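Just below is one structure, and these are the notes that go with it.
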Amino acid sequence: MTVAKAMVECLKAEGVRHVFGYPGAAICPFYDELIASDIEHILVRHEVNGGHAASGYARMTGKAGVCIATSGPGALNLITAIATAYMDSIPIVAITGQVNSDQIGRDVFQEADITGSAEPFVKHSYIVKDPKSICDTIKKAFYIAETGRPGPVLIDVPQDVQNMQCEFFYPDKVEIRSYKPTTEGNKLQIKRAAEAFAKAKRPLICAGGGVFLSNAKEELKELAHKCDMPVINTMMGISNIDMSDPLYFGMMGMHGVKPANYAASQCDLLILLGARMGDRAVTALGGLDETQIIHIDIDPAEIGKNVRVTTPVVGNIKTITQQLLEVVPEMKHKEWLDELNGVRNVERSVPEAKPGTVCPKLFIQELNKHIEKDAVIVADVGCNQIWTANNIRLTEGRFLTAGGMGTMGYSLPAAIGAKKACPGRQVVALCGDGSLQMQFMELATALQHGINVKLVVFVNNDLGMVRELQYRIYGREIAVDLTGSPCFDKIAEAYGIKAENVTDISQAGAAITNMLASEKPYLLQVFVDKEVKAII
Amino acid sequence: MKHTISILVENHAGVLARVSGLFARRAYNIDSLAVGVTADENVSRITIVADGDEHILEQILKQLNKLIDVIKVRAVNENELLTRELVLVKVNCTPAQRSELISIAKITEAKISDISVNTITLELSDYSNKIKTFEELLRPYGIKEIVRTGTVAIQRGSASLTI
Ligand SMILES: Cc1ncc(C[n+]2csc(CCOP(=O)(O)OP(=O)(O)O)c2C)c(N)n1
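As given, the protein sequences belong to chains G and W, one line each in that order. Just so we're aligned: the first sequence equals residues 0 to 535 in numbering that gives the first Met the number 0. Just so we're aligned: the second sequence equals residues 0 to 162 in numbering that gives the first Met the number 0.
This is how it looks when you write it as structure tokens:
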């Protein structure tokens with residue numbers, strides 16, 4: 000069969016049911032074969048959103064999401080999404096068309112060295128020149144993307160190669176001699192960690208995105224309860240523990256909440272569980288010279304990179320947490336928890352909203368009352384992201400955001416991917432009016448493919464977070480005023496999507512009810528005063 | 000501090016770009032680089048001399064290990080290593096200076112690889128500092144051209160780096 004057909008067969012054999020893409024000449028042989036398969040193709044309106052949708056899909060399924068683009072500009076448009084997935088360790092397999100193999104390097108029409116350009120942001124990449132290698136390459140790509148520390152893998156296939164003949168054989172297993180991720184934690188290190196547990200009076204678990212990647216939510220909960228230890232999250236870890244759990248104290252870091260940052264600055268043992276401790280999380284750790292730090296991560300390169308570590312443990316979070324559960328006794332830390340509860344229980348006043356505007360905190364609190372308990376909430380980037388991260392209450396739900404790269408425009412396409420993965424769950428994206436204008440073309444994708452996502456846009460007529468930063472540092476603003484932006488309810492209407500405006504908190508409940516009850520995509524335009532800060 | 004890092008990689012296109020790209024984007028300094036195929040023709044060996052403190056060295060090794068094409072990485076203490084560079088130096092040489100230059104070659108154990116009416120080309124394989132001294136000895140005569148390889152290194156004794 001042709002390589003193009005084999006590519007489709009490989010995806011089928013891999014269990015892929017949905018792909019997100021945008022065609023062009025160089026990937027047409029593959030697309031033509033897609034017609035005959037039962038794989039559903041979701042036509043995004045910009046390649047970057049195909050990548051983000053694959054990311055949202057991957058995060059909900061735990062399997063690699065697949066995105067497709069043509070050569071040159073199509074492939075280049077994917078790069079931001081690939082880099083975003085790389086930063087957050089999300090498994091995606093990106094398939095790109097390439098110009099004919101005998102023309103590579105001659106600057107022909109729509110030629111771009113995509114494997115070269117994407118190299119800094121991929122876990123691995125392939126350019127397929129030998130038709131016989133296609134099946135093996137695709138198998139390896141999925142294997143690499145999904146195992147160890149997950150990440151994006153790119154497969155670039157020249158157009159002529161897609162038309163060549165090959166034999167279809169999809170291997171069950173792959174052997175890559177240079178790639179053997181560690182899963183189990185070293186016994187001695189587990190013992191050391193357990194000793195540190197026993198000594199600690201003020202222990203703290205900081206749980207990151209690794210908990211999702213290794214499917215270790217249950218183990219995290221069990222460990223926290225067995226050892227009576229408070230838990231805080233990095234941005235990527237949000238919702239890896241039931242937020243109503245009395246042991247949970249919120250998100251830490253530059254944009255985190257007081258109880259979490261207080262806990263991080265006062266603990267005598269910090270257990271980093273699948274958290275790479277990016278610079279924005281580390282800010283909370285000032286002056287922890289005496290603190291014991293156990294860093295548990297699948298990627299040895301993350302250990303000791305950003306924070307000083309006393310006990311490194313390399314391996315899969317789930318496996319290591321299970322190993323720890325076997326050796327640690329039940330504990331109690333009442334005094335320490337009482338102290339943290341004291342910090343948590345300080346009431347913070349909510350600023351009065353100006354007439355015609357809504358306090359985003361109150362809006363999100365209202366949203367909490369209406370969403371189902373397993374809802375998926377996708378936050379974009381900016382103040383809207385921090386408002387959502389700090390105020391959403393999820394018990395069995397899932398929080399998604401582009402934590403590492405902070406890529407504006409992530410929320411709607413990621414929500415589309417997440418909804419495609421979990422059609423039975425409510426999926427709500429929340430974004431700003433700046434970021435909405437980077438992604439609203441995807442309303443068409445949702446509509447065309449019957450993907451019932453909900454979108455909340457906080458309109459402050461500004462690039463809020465940048466404006467806040469400008470005032471803080473320079474005392475004045477430039478290039479953050481979004482005057483000229485359309486009424487987003489009209490935009491939605493033009494797409495045939497129902498929209499409502501919320502200009503007063505009293506309208507929020509009904510609007511949210513209508514949005515969630517609708518069988519179709521729905522947009523809420525929530526007006527927010529521009530002076531409302533990220534942390535409220 | 001200088002570190003000599005030996006890397007065994009899959010011998011296919013693009014691998015060197017991945018390794019050197021990693022050094023560039025993570026701002027690790029490369030002092031010298033040498034690549035060649037090993038006894039197994041599917042495996043190449045890259046030797047890199049890099050500059051940085053212990054923390055940087057640790058990160059370099061870990062990040063290199065993450066590249067899928069990297070099979071093995073090792074940094075060995077300077078004093079446990081046998082290191083060599085090769086240099087070819089073309090020096091101005093009048094007939095009257097010939098015997099002087101020949102005696103320099105003899106003392107330094109350099110080879111006379113080429114000779115013309117007014118030049119002489121010397122070849123030396125030795126460790127880095129020796130090559131520096133060699134260059135200084137030749138400079139007074141006027142160096143027309145100098146070509147130097149990167150450092151290659153092998154562990155002393157019976158220890159070896161193979162897959
Ligand atoms: C693609 C991209 N460009 C620029 C930025 C820098 N940036 C961070 S937050 C922000 C403002 C976002 O504005 P908006 O979407 O209106 O959200 P708000 O902060 O007002 O809630 C910008 C421009 C970014 N994160 N991503």
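All C-beta atoms, glycine included, are put in the ideal place defined by N, C-alpha and C. This structure is a prediction, so every number in the text was calculated from the model and none was measured.
Q: Specify the secondary structure class of M250/G as computed by DSSP and reduced to three states.
A: As a position in the first sequence, residue 250/G is number 251, starting the count at 1. Correct three-state label for M250/G: strand.
Q) What's the C-alpha gap between F29/G and E9/W? A) Here residue 29/G is taken as the residue at index 30 of the first sequence, counted from 1. Here residue 9/W is taken as the residue at index 10 of the second sequence, counted from 1. In a straight line, the C-alpha of F29/G is about 29 Å away from that of E9/W.
(Q) Please report whether the beta-carbon of Y178/G lies at a distance below 8 Å from any beta-carbon of chain W. (A) Walking along the first sequence from the start, residue 178/G turns up at place 179. Interface residue, yes.
(Q) Our contact map puts D292/G next to I316/G with C-beta atoms below 8 Å; I'd like the distance itself, whole angstroms only. (A) Residue numbering aside, residue 292/G sits at position 293 when the first sequence is read from its first letter. Residue numbering aside, residue 316/G sits at position 317 when the first sequence is read from its first letter. Asp is not the amino acid found at residue 292/G; the sequence shown has Ile there. Going by Cβ atoms, the distance from I292/G to I316/G rounds to 16 Å, so no, they are not a contact pair.
Q. At a CB-CB cut-off below 7 Å, which residues of chain G make contact with D68/W?
A. Here residue 68/W corresponds to residue number 69 of the second sequence, with the count starting at 1. Going along chain G in sequence order, the residues near D68/W (Cβ under 7 Å) are S177.
Q) Taking I490/G as the reference, which of L522/G, D101/G, A68/G and K257/G has the closest Cα? A) Here residue 490/G is taken as the residue at index 491 of the first sequence, counted from 1. Ranking L522/G, D101/G, A68/G and K257/G by Cα distance to I490/G puts L522/G first.
Q.
Taking the beta carbon of M514/G as the centre, do at least 16 other beta carbons fall within 10 Å, making it buried, or is it exposed?
A. Indexing the first sequence from 1 puts residue 514/G at position 515. The residue in question, M514/G, is buried, as its Cβ has 16 or more Cβ neighbours within 10 Å.
Q. Going by alpha carbons, who is nearest to E32/G out of K4/G, L339/G and T394/G?
A. On the first sequence, position 33 is the one that residue 32/G refers to. Ranking K4/G, L339/G and T394/G by Cα distance to E32/G puts K4/G first.
Q. So what does DSSP say about K4/G, is it helix, strand or coil?
A. For the purposes of this step, residue 4/G is identified with residue 5 of the first sequence, where counting begins at 1. DSSP places K4/G in helix when its eight states are reduced to three.
Q. Name the chain G residues whose beta carbon is nearer than 7 Å to that of G163/W?
A. In the structure as shown, chain W begins at 0 and stops at 162. Residue 163/W is therefore absent and cannot be evaluated.
Q: Grab the span of the alpha helix (DSSP H) containing I295/G for me, first residue to last.
A: Position 296 of the first sequence, counted from the start, is the residue given in the question as residue 295/G. Premise fails: I295/G lies in the beta strand (DSSP E), Q291 to D296, not in any alpha helix (DSSP H).
Q) In chain G, which residues lie less than 8 Å from R17/W when you measure between Cβ atoms? A) On the second sequence, residue 17/W is found 18 positions in, with the first residue counted as 1. What R17/W touches in chain G: E118.
Q.
For the region 129-145 of chain G, list every residue whose C-beta sits within 7 Å of some C-beta in chain C, in sequence order.
A. Annotation note: the requested chain C is absent from the structure, which comprises protein chains G and W.
**Q.** Continuous beta strand (DSSP E) stretch holding F457/G: start and end
**A.** Position 458 of the first sequence, counted from the first residue, corresponds to residue 457/G. K453 to V458 is the span of the beta strand (DSSP E), which, as asked, contains F457/G.
**Q.** Local conformation of S116/G per DSSP, three classes
**A.** Counted from its first residue, the first sequence places residue 116/G at position 117. Correct three-state label for S116/G: helix.
**Q.** Check: M407/G C-beta below 7 Å from any heavy atom of ligand 1
**A.** Reading the first sequence from its first residue, position 408 is the one you call residue 407/G. Answer for M407/G: yes, Cβ within range of ligand 1.
Q: Quick one: which residues of the region 35-63 of chain W get their C-beta closer than 8 Å to a C-beta of chain G? List them in chain order.
A: H54, E57, Q58, K61 and Q62
Q.
Give the list of continuous alpha helix (DSSP H) stretches no shorter than 4 residues that lie fully inside the region 60-101 of chain G.
A. 72-86
Q. So, using beta-carbon positions, are S36/G and V7/G closer together than 8 Å?
A. To locate residue 36/G, count along the first sequence from 1; it is residue 37. To locate residue 7/G, count along the first sequence from 1; it is residue 8. A contact, by the Cβ cut-off of 8 Å.
Q: Taking 8 Å as the threshold, find out whether the region 27-35 of chain W comes into contact with the region 145-154 of chain W through three or more Cβ pairs.
A: yes
(Q) Quick test of your reading: K65/W and A140/G, contact by CB under 8 Å. State the CB separation rounded to the nearest angstrom. (A) Taking the second sequence and counting its residues from 1, the one referred to as residue 65/W is at position 66. Taking the first sequence and counting its residues from 1, the one referred to as residue 140/G is at position 141. Not quite, the Cβ-Cβ distance comes to about 16 Å (not below 8 Å), so this is no contact.
Q. Which whole-angstrom value describes the C-beta separation of R17/W and Q62/W, a residue pair presumed to lie in contact below a C-beta threshold of 8 Å?
A. Here residue 17/W refers to the residue found at position 18 when the second sequence is read from its first residue. Here residue 62/W refers to the residue found at position 63 when the second sequence is read from its first residue. Not really, about 11 Å apart at Cβ, beyond 8 Å.
Q. Where do the ends of the beta strand (DSSP E) carrying F526/G lie?
A. Locating residue 526/G in the first sequence gives position 527, counting from the first residue. From DSSP, the beta strand (DSSP E) with F526/G extends over Y521 to F526.
Q.
Any heavy atom of ligand 1 closer than 7 Å to the beta-carbon of F457/G?
A. Here the question's residue 457/G lines up with position 458 in the first sequence. Checking every heavy atom of ligand 1 against the Cβ of F457/G, one is found closer than 7 Å.
Q) Contact between the region 403-414 of chain G and the region 374-384 of chain G: three or more CB pairs below 8 Å? A) yes
Q) Going along chain W in order, which residues have a C-beta closer than 8 Å to the C-beta of H332/G? A) As a first step, residue 332/G must be located in the first sequence, where it is residue number 333. Near H332/G there are no residues of chain W at all, since even the closest Cβ is about 33 Å away, more than 8 Å.
Q.
On a Cα-Cα basis, can you pick out the residue from I59/W, I55/W and E40/W that is closest to S5/W?
A. The sequence position of residue 5/W within the second sequence is 6, counting from 1. Out of I59/W, I55/W and E40/W, I59/W has the C-alpha closest to the C-alpha of S5/W.
Q.
I'd like the list of long-range same chain contacts for L429/G, defined as Cβ closer than 6 Å, with 5 residues on each side in sequence excluded.
A. Numbered from 1 along the first sequence, position 430 holds the residue referred to as residue 429/G. Cβ within range, chain order: A378, N383, T387 and V455.
Q. So which residues on chain G does R73/W lean against when the C-beta distance must stay under 9 Å?
A. For this step, residue 73/W is matched to residue 74 along the second sequence. Correct list: empty, because the minimum Cβ distance to chain G is about 14 Å.
(Q) Rounded to the nearest angstrom, what separates T82/W and F108/G at their Cα positions? (A) Indexing the second sequence from 1 puts residue 82/W at position 83. Indexing the first sequence from 1 puts residue 108/G at position 109. Spanning the two alpha carbons is a distance of roughly 48 Å.
Q. Is D324/G buried or exposed, if buried means 16 or more other CB atoms sit within 10 Å of its CB?
A. Counting from one through the first sequence, the residue named residue 324/G turns up at place 325. Sequence check: residue 324/G is Leu here, not Asp. Classification for L324/G: exposed.
Q.
Below 9 Å on C-beta distance, what does P299/G contact in chain W?
A. Numbered from its first residue, the first sequence carries residue 299/G at position 300. Near P299/G (Cβ distances below 9 Å), the residues of chain W are K61, N64 and K65.
(Q) Quick check: the Cα distance between A274/G and I302/G, rounded to an integer number of angstroms? (A) Numbered from its first residue, the first sequence carries residue 274/G at position 275. Numbered from its first residue, the first sequence carries residue 302/G at position 303. Whole-angstrom Cα-Cα distance: 10 Å.
Q. For the candidate residues E338/G, I270/G and V327/G, whose alpha-carbon lies nearest to that of V306/G?
A. The residue you call residue 306/G lines up with position 307 of the first sequence. That would be I270/G, whose Cα lies nearest to the Cα of V306/G.
Q: Note down, in chain order, all residues in the region 299-316 of chain G with a beta-carbon under 8 Å from any beta-carbon belonging to chain W.
A: P299, A300, G303 and K304
Q) Thinking C-alpha only, which one of L246/G, R279/G and I231/G is nearest G252/G? A) What you label residue 252/G is simply residue 253 of the first sequence in a count that begins at 1. Residue R279/G is the option with its Cα nearest to G252/G.
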